[in-house]
Amino acid sequence: MYSAQITRANPTCIILLIDQSASMSDPFSGDAATKKSDFVAEAVNHTLHDLVIRSTKTEEIRNYYYVSVIGYGRKVGPAFGGPLEHRSLAPIADIADYPLQVKMSYKKVPDGSGGWVEIPVRFPVWVQPFAAGKTPMCEALVQVKAILTAWLADHPSGFPPTVLHLTDGESSDGDPLAIGQEIMSLSTDDGAVLLFNCHISSRRSAKIEYPANDSLLIDGFARSLFAISSPLPANFLAAAAQLGVSAGEGSRGFVFNGDPSSIVQFYEIGTSLTGVTPYRWMDEGT
Amino acid sequence: MSSSRFQSQQFLLPKEGHLLSECEDVIGVNALTQRFAIADGATEAFDAQSWARRLARQWVRLDRGALVPDDFRSWVAAEGRSLHDSWKNLQLSWYAEEKARTGSFAAFVGVQLEVELATPRWQAIALGDACLLHCRAGRILSALPLANHESFNASPLLVPSLGLLQDAGLRNIVVDSGVLESGDVLLLLSDAVAAWYLRLAESGDRARCCFEELLMADREDELEQLFSKERRTGRIKNDDIAVLRIELRLP
Numbered sequence: 511m512y513s514a515q516i517t518r519a520n521p522t523c524i525i526l527l528i529d530q531s532a533s534m535s536d537p538f539s540g541d542a543a544t545k546k547s548d549f550v551a552e553a554v555n556h557t558l559h560d561l562v563i564r565s566t567k568t569e570e571i572r573n574y575y576y577v578s579v580i581g582y583g584r585k586v587g588p589a590f591g592g593p594l595e596h597r598s599l600a601p602i603a604d605i606a607d608y609p610l611q612v613k614m615s616y617k618k619v620p621d622g623s624g625g626w627v628e629i630p631v632r633f634p635v636w637v638q639p640f641a642a643g644k645t646p647m648c649e650a651l652v653q654v655k656a657i658l659t660a661w662l663a664d665h666p667s668g669f670p671p672t673v674l675h676l677t678d679g680e681s682s683d684g685d686p687l688a689i690g691q692e693i694m695s696l697s698t699d700d701g702a703v704l705l706f707n708c709h710i711s712s713r714r715s716a717k718i719e720y721p722a723n724d725s726l727l728i729d730g731f732a733r734s735l736f737a738i739s740s741p742l743p744a745n746f747l748a749a750a751a752q753l754g755v756s757a758g759e760g761s762r763g764f765v766f767n768g769d770p771s772s773i774v775q776f777y778e779i780g781t782s783l784t785g786v787t788p789y790r791w792m793d794e795g796t
Numbered sequence: 114m115s116s117s118r119f120q121s122q123q124f125l126l127p128k129e130g131h132l133l134s135e136c137e138d139v140i141g142v143n144a145l146t147q148r149f150a151i152a153d154g155a156t157e158a159f160d161a162q163s164w165a166r167r168l169a170r171q172w173v174r175l176d177r178g179a180l181v182p183d184d185f186r187s188w189v190a191a192e193g194r195s196l197h198d199s200w201k202n203l204q205l206s207w208y209a210e211e212k213a214r215t216g217s218f219a220a221f222v223g224v225q226l227e228v229e230l231a232t233p234r235w236q237a238i239a240l241g242d243a244c245l246l247h248c249r250a251g252r253i254l255s256a257l258p259l260a261n262h263e264s265f266n267a268s269p270l271l272v273p274s275l276g277l278l279q280d281a282g283l284r285n286i287v288v289d290s291g292v293l294e295s296g297d298v299l300l301l302l303s304d305a306v307a308a309w310y311l312r313l314a315e316s317g318d319r320a321r322c323c324f325e326e327l328l329m330a331d332r333e334d335e336l337e338q339l340f341s342k343e344r345r346t347g348r349i350k351n352d353d354i355a356v357l358r359i360e361l362r363l364p
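Chains A and W supply the protein sequences, listed in that same order. Its first residue numbered 511, the first sequence is counted upward by one per residue in our numbering. Its first residue numbered 114, the second sequence is counted upward by one per residue in our numbering.
Here it is, written out as structure tokens:
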């Protein structure tokens with residue numbers, strides 16, 4: 511299980527489901543200048559960037575991944591901006607070719623002899639921050655299920671789709687347990703659909719990351735989210751270990767009261783798929 | 114290819130569902146310099162096939178040198194610069210440009226024979242998971258840089274083309290040497306087939322003999338069938354396969 515090779519002929523599907531309700535405009539972790547929605551949009555754009563670079567073969571891009579970004583708040587639907595607006599699922603080649611905009615910046619990389627050098631990098635933007643309305647989580651999960659059902663009809667043997675759901679609050683349209691379980695019951699020949707949930711909080715409450723049981727979860731909403739979080743397959747556990755995240759046999763793809771670093775790790779682990787976090791292979795020994 | 118003192122056979126097979134032209138494993142053979150090499154371009158790297166081709170084919174052209182770490186590092190630095198120069202006039206998309214910025218990566222193993230010496234020997238240099246196996250009468254005398262099938266993983270060390278990464282990236286070069294006798298076989302194997310072969314050897318699986326017989330007889334179609342079956346049953350990873358077999362025929 512979870513061992514199918516991801517190829518152009520046998521691609522996989524990744525859905526990034528993001529809460530865009532009004533509370534996402536609150537500051538994150540005490541930094542008044544950064545809203546939760548800003549941080550999440552940046553993390554989503556970074557994740558899409560990584561997937562594009564991973565799929566780039568010299569001058570062409572290979573469609574190993576089909577990606578969806580669904581937002582829910584004032585409305586529920588595709589969250590891409592620009593040319594991909596309204597697309598509920600796009601091959602990675604289209605995502606590469608149609609960003610909303612491409613920003614230039616610099617980043618520091620090791621110079622190989624203990625120092626650092628700055629190199630220019632491009633930061634494409636596909637998703638912009640948005641925060642308004644309630645939290646129609648169930649309606650959003652229904653849309654996710656529809657995308658997955660169509661995908662699975664055409665790709666019954668591939669690496670199972672992965673849904674990475676990020677939220678900062680309770681659902682405003684009911685308990686997501688039933689629809690979450692429906693999603694988790696979908697599968698390919700290689701295993702069940704993976705649904706991972708990351709709950710974030712501006713409060714300084716203790717965060718709970720990748721637990722194997724719900725004994726530390728005190729409220730009903732947290733327990734519901736835990737119940738609709740898939741256990742991390744071995745490949746994902748290997749990626750978590752590479753990132754120094756504490757997770758083991760039976761750990762669920764679930765974070766509660768997560769902070770900014772939780773979000774970054776959640777997307778890195780959730781898109782590792784074959785066990786290699788983006789660029790880890792390149793950083794070996796550096 | 115054969116000379117009076119050795120004979121070699123090679124076999125190259127792309128991943129299932131890929132064309133031979135997309136294969137990123139490259140074999141280098143030069144009977145004059147008595148050098149043999151395999152380079153395996155990292156699938157996720159930019160222009161990996163060109164980097165692997167450059168490493169394998171240029172290294173075997175050398176009469177001498179690049180067999181000890183310092184010398185090898187200098188040679189890699191020069192080859193890396195040439196590769197990056199070759200990209201300068203390309204019109205690249207933002208993502209290709211981004212990827213090119215980090216350079217290319219490949220595993221490498223090269224062996225130099227010295228069969229004219231009173232005591233014939235081999236010297237090898239390797240980084241990553243492409244392997245050299247020295248076999249005598251069916252026994253593996255030595256294997257480098259990895260010696261058992263459990264040592265292979267998804268994040269091997271690789272030879273980087275980008276100068277910025279070479280100091281750190283080339284710290285773990287492995288060198289070794291051995292004495293050769295007539296009838297000895299040297300096998301150079303890229304990672305998937307090396308892991309498969311070592312596992313067969315460790316478990317005494319008869320498929321190893323079958324593989325060697327087909328290889329010696331240059332029966333490519335049957336080798337393809339063998340690997341197709343091994344891939345279907347999951348006994349070998351669906352990866353590019355490069356095999357180079359050298360048999361010594363010393364007087």
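The beta carbon of each residue, even a glycine, is placed where N, CA and C say it ideally should be.
So residue i is in the beta strand (DSSP E); what residue range does that whole segment cover?
i	result
LEU363 of chain W	Neither: LEU363 of chain W is in no beta strand (DSSP E) and is coded neither H nor E.
PHE669 of chain A	Premise fails: PHE669 of chain A is in no beta strand (DSSP E) and is neither H nor E.
MET596 of chain A	Per the sequence presented here, residue 596 of chain A reads as His, with Met not at that position. Unbroken run through HIS596 of chain A: none, as it is neither H nor E.
Quick one: list the residues of chain W neighbouring residue i, beta-carbon separation under 7 Å, in chain order.
i	result
ARG597 of chain A	Under the 7 Å cutoff, chain W gives no residues; its nearest Cβ is about 18 Å from ARG597 of chain A.
ILE454 of chain A	Beyond the ends of chain A as shown, which are 511 and 796, falls residue 454 of chain A; an answer cannot be given.
THR568 of chain A	PHE159, ASP160, ALA209
Give me the chain A residues within the contact set of residue i, using Cβ-Cβ distance strictly less than 9 Å, ordered along the chain.
i	result
LEU132 of chain W	Residues of chain A passing the Cβ test: none, with the nearest at roughly 12 Å.
ASN351 of chain W	GLN515, THR517
Quick check on the DSSP output: the alpha helix (DSSP H) that includes residue i runs from which residue to which?
i	result
ILE693 of chain A	687–694
ASN745 of chain A	744–752
ALA774 of chain A	In the sequence on display, residue 774 of chain A carries Val and not Ala. Element bounds for VAL774 of chain A: 770–780.
LYS212 of chain W	207–214
ARG344 of chain W	333–345
ASP280 of chain W	276–282
GLY730 of chain A	730–737
LEU328 of chain W	320–329
THR659 of chain A	647–664
Taking DSSP's pairing of strands, which residues face residue i in a bridge?
i	result
TYR310 of chain W	Answer is none; TYR310 of chain W lacks a bridge partner.
ARG358 of chain W	W:GLN122, W:LEU300
ARG234 of chain W	W:GLU227, W:VAL292
ARG632 of chain A	A:MET614
THR828 of chain A	The question about residue 828 of chain A has no answer here: the residues shown for chain A are numbered 511 through 796.
THR677 of chain A	A:HIS709
TYR582 of chain A	A:ASP529, A:VAL586
CYS248 of chain W	W:ILE253, W:VAL298
ALA220 of chain W	W:ASP153
ILE602 of chain A	Answer is none; ILE602 of chain A lacks a bridge partner.
VAL139 of chain W	W:ALA152
ALA551 of chain A	Answer is none; ALA551 of chain A lacks a bridge partner.
ALA239 of chain W	W:VAL222, W:VAL287
ARG762 of chain A	A:PRO741
VAL272 of chain W	W:ALA219
PRO537 of chain A	A:LYS545
Residues of chain W with a CB under 8 Å from the CB of residue i: which are they?
i	result
ILE629 of chain A	ARG214
ARG632 of chain A	TRP207, GLU210, GLU211
ALA744 of chain A	Going along chain W, no residue has its Cβ under 8 Å from ALA744 of chain A, so there is no contact; the nearest lies around 12 Å.
If you measure between the beta carbons of residue i and residue j, is that distance less than 8 Å?
i	j	result
CYS708 of chain A	LEU742 of chain A	no
LEU813 of chain A	PHE736 of chain A	Residue 813 of chain A falls outside the range modelled here, since chain A spans only 511 to 796, and no answer is possible.
GLN162 of chain W	GLU129 of chain W	no
THR645 of chain A	GLY780 of chain A	no
ILE602 of chain A	ASN573 of chain A	yes
ILE657 of chain A	LEU705 of chain A	no
ALA219 of chain W	LEU168 of chain W	yes
LEU240 of chain W	VAL287 of chain W	yes
ASP700 of chain A	TYR512 of chain A	yes
TRP188 of chain W	GLY178 of chain W	yes
LEU527 of chain A	VAL703 of chain A	no
LEU651 of chain A	VAL635 of chain A	no
CYS244 of chain W	LEU302 of chain W	yes
LEU311 of chain W	ASN261 of chain W	yes
ILE580 of chain A	ALA606 of chain A	no
Run through chain W and tell me which residues come within less than 9 Å of residue i, C-beta to C-beta.
i	result
VAL612 of chain A	TRP207
ILE571 of chain A	SER206, TYR208, ALA209
ALA750 of chain A	Within 9 Å Cβ-Cβ: nothing; ALA750 of chain A doesn't reach chain W, min ~14 Å.
ALA757 of chain A	Simply none; closest approach about 18 Å.
At a cut-off of 7 Å, would you count residue i as near the ligand HEM, judging by its Cβ distance to the nearest heavy atom?
i	result
SER134 of chain W	Questions concerning the ligand HEM fall outside what the structure shown contains, since it holds no ligand whatsoever.
**Request:** Counting only runs of 4+ residues fully inside the region 142–194 of chain W, write out the alpha helix (DSSP H) ranges in chain order.
**Result:** 161–172
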